[in-house]
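Data block below; observations after.
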Amino acid sequence: MSFPKNFLWGGATAANQYEGGYKDGGKGINTSDVLTAGSHTTPRRITWIKPDTKETGSINMDLGSGSPMVFPEGAVPAIVEGEYYPSHVATDFYHHFKEDIALMGEMGFKTFRLSMNWARIFPNGNDETPNAEGLKFYDEVFDECKKYGIEPLVTLSHYETPLNLTIKYGGWKSRKLIDFFVRYSTTVMKHYQGKVKYWLTFNEINIMQWGCFMAGGLIDDSDQAKAQGAHNQFVASALTVKAAHEISDEIKVGQMLAYQPMYAYTCDPADQLYVLKNAQNTLWFSDVQTGGKYPAYKLKEYERKGIVLETEADDFELLEKYSADFLSFSCYGSSTFTTHENVEAGSGNMIMGIKNPYLQTNAWGWGTDPNCLRIALNTLYDRYHKPLWIVENGIGWDDQKEADGSVHDSYRIDYLRQNIQSMSDAINLDGVDLMGYTMWGCIDLVSAGTGEMKKRYGFVYVDRDDKGNGTLARSKKDSFYWYKKVIASDGADL
Ligand code: BGP
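Under full-length UniProt numbering, the first residue of the sequence shown carries the number 1, and numbering increases by one thereafter.
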């Protein structure tokens, strides 16, 4: 079975994990720039400084550690001398973009998902005018894409907020950020009109609930702050959709959700209810941003917890009128839940839940699930009836490069083959409207959850290790040639 002729095959990246050049071209500092490296067993940390006494230290990032983030009195996140911050160089797209886009062109990419670095355009987040050098950089990137017929898909904020906005306003819990973001989104949508048609507002907006520093630039992880942070991002997204449609009806703005099918471990009805509640924890984000309305279960929960949103009179009308044009999502596998005790716990990273005996896992405990995309696509299409786009899917592996530069990643090819088949079934057998597929981390980049280099996803290997050593040279993995063949055959030759 093949795919529609205009299907957007490609790969995905994010500035904070890929771009580097963290001080080049007038770029400001982002929240991601103060995150240290971690590992599978040690959480990433946020460094801080007390501006008065110059005392420094660090605390665990909430995502992955599960511990609350409590900054010492008077401390603010900062870059501290002597620490290693993976995002500062990452895999240096900033200086390798021509080479990398040529590699994507060689694979036959129809689309390339990248994120724009907010602080490269507005270094402090709240500047009156954009940084011309930052605008020029992405102009060159998009011109390069055009050479190869590659349509960019641009995330406006992928796990980063200009640090100044976190220090000054506490990140997304402040409504001030709505105006700053809309100034940024409107500026770039106008500037790149004719070059960029597809935009996403916030990467994995629902990660706000577990990784609020990454997803919301919050240094207060209370339920109240997270609820307000999400609400403010919803309103900023709606205003971005409004601005996009005013600029041109060619421009489409999508939501981006972290999604994974959820299974009950047993047929005990208590397990089914537990799974339903867990699923709602994800789906309420798309109920609001794509569906246009807060669901009743969320409003009841806020009432129960005493959470009161700071809103303005037209917020809810805006959310409904300017809901997302399409829904994009990441999906790496599935999660399994139970209310029963004494069931072997899995070692999920971002993917929570317990071990599913029917599935294989990689070294980081992420399960591979041959049916996850078909289930995800059916669930989301039935719920919203809007076009979908899979913008992340893939498998992290500690790939080994041979002396001749080759990388034999048959496990990645097997994973992708199953996932693409599952996606094909959703289109061809179930009639789902799917716009495209961008495999995560198409050129090796830094892991978001752990800050490691050795958790690699790419079709292209980059010579860089967990300490930041390496030449940054690129080499093609076996999966590079395989994906090229898949695209050339419109998905028929898997
Ligand atoms: C998603 C993020 C990406 C990416 C990916 C893989 O949740 O949007 O930024 O990194 O997960 O996760 P990790 O890098 O932790 O393996």
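Glycine residues also receive a C-beta, built at the ideal position from the N, C-alpha and C atoms.
Should residue i go down as buried or exposed, given a rule of 16 or more other Cβ atoms within 10 Å for buried?
i      : result
Ile420 : buried
Ile247 : exposed
Leu63  : buried
Leu239 : buried
Glu392 : buried
Asn6   : exposed
Asn232 : buried
Leu377 : buried
Lys98  : exposed
His385 : exposed
Val89  : buried
Gly229 : buried
Cys146 : Residue identity differs from the one stated: residue 146 is Lys in this sequence, not Cys. Looking at its Cβ environment, which holds fewer than 16 other Cβ atoms inside 10 Å, Lys146 is exposed.
Glu452 : buried
Glu55  : exposed
Asp287 : buried
Asp33  : buried
Leu200 : buried
Leu429 : exposed
Gly291 : buried
Can you grab the Cα-Cα spacing for the pair residue i / residue j, in whole Å?
i           : j      : result
Asn117      : Phe316 : 29 Å
Arg120      : Leu445 : 19 Å
Gln289      : Phe234 : 6 Å
Gly216      : Lys23  : 22 Å
Thr266      : Phe329 : 27 Å
His245      : Lys252 : 8 Å
Met350      : His40  : Residue confidence is low: Met350 scores 40 on pLDDT, short of 50, so the model does not pin down where it sits. Its coordinate-derived value is still stated next. C-alpha separation (whole angstroms): 11 Å.
Ile205      : Ala14  : 15 Å
Leu494      : Val432 : 20 Å
residue 495 : Tyr297 : Outside the shown range of the chain (1 to 494) lies residue 495, about which nothing can therefore be said.
Pro77       : Glu83  : 13 Å
Pro261      : Gly458 : 24 Å
Thr42       : Pro123 : 31 Å
Glu320      : Lys190 : 24 Å
Tyr18       : Leu318 : 34 Å
His340      : Ile413 : 36 Å
Thr91       : Asn469 : 11 Å
Asp404      : Lys476 : 11 Å
Arg44       : Phe480 : 30 Å
Asp398      : Tyr302 : 42 Å
Arg456      : Met107 : 18 Å
Arg175      : Gln418 : 43 Å
Val460      : Gly105 : 13 Å
Thr31       : Glu73  : 19 Å
Gln400      : His408 : 8 Å
Ala492      : Val141 : 31 Å
Ser347      : Asn131 : In this prediction, Ser347 scores a pLDDT of 46, lower than 50, which makes its location untrustworthy; no coordinate-derived value is stated.
Considering only heavy atoms of ligand 3, does any lie closer than 7 Å to the CB of residue i?
i      : result
Lys455 : Among the ligands modelled here, namely ligand 1, ligand 3 does not occur.
Return the Cβ separation of residue i and residue j in integer angstroms, given the expectation that the two are a contact with Cβ distance under 8 Å.
i      : j      : result
Tyr263 : Asn356 : 7 Å
Ile207 : Phe213 : About 10 Å; that fails the 8 Å criterion.
Tyr198 : Gly149 : No, Tyr198 and Gly149 are not in contact; Cβ-Cβ is about 15 Å, not under 8 Å.
Tyr437 : Ile390 : 5 Å
Leu103 : Val154 : Leu103 to Val154, Cβ: 19 Å. No contact.
Ser237 : Phe202 : 7 Å
Ile29  : Leu156 : Rounded, the Cβ-Cβ distance is 18 Å, inconsistent with contact.
Leu177 : Tyr184 : About 10 Å; that fails the 8 Å criterion.
Which first and last residues belong to the alpha helix (DSSP H) in which residue i is found?
i      : result
Ile167 : Leu163 to Tyr169
Ala270 : Pro269 to Gln289
Phe326 : Phe326 -> not in any alpha helix (DSSP H); beta strand (DSSP E) instead, spanning Phe326 to Ser330.
Asn428 : Ser410 to Asn428
Lys455 : Segment: none, Lys455 is in no alpha helix (DSSP H) and carries neither H nor E.
Ala243 : Asp223 to Ile247
Phe213 : Cys212 to Gly216
Leu177 : Lys176 to His191
Glu140 : Ala132 to Lys147
Arg113 : Premise fails: Arg113 lies in the beta strand (DSSP E), Thr111 to Ser115, not in any alpha helix (DSSP H).
Which residue marks the beginning of the beta strand (DSSP E) containing residue i, and which one marks its end?
i      : result
Glu392 : Leu388 to Glu392
Val462 : Val460 to Val462
Gly105 : Where Gly105 is concerned, there is no enclosing beta strand (DSSP E), although the alpha helix (DSSP H) it sits in stretches over Phe93 to Met107.
Val154 : Glu151 to Ser157
Thr438 : Leu434 to Trp440
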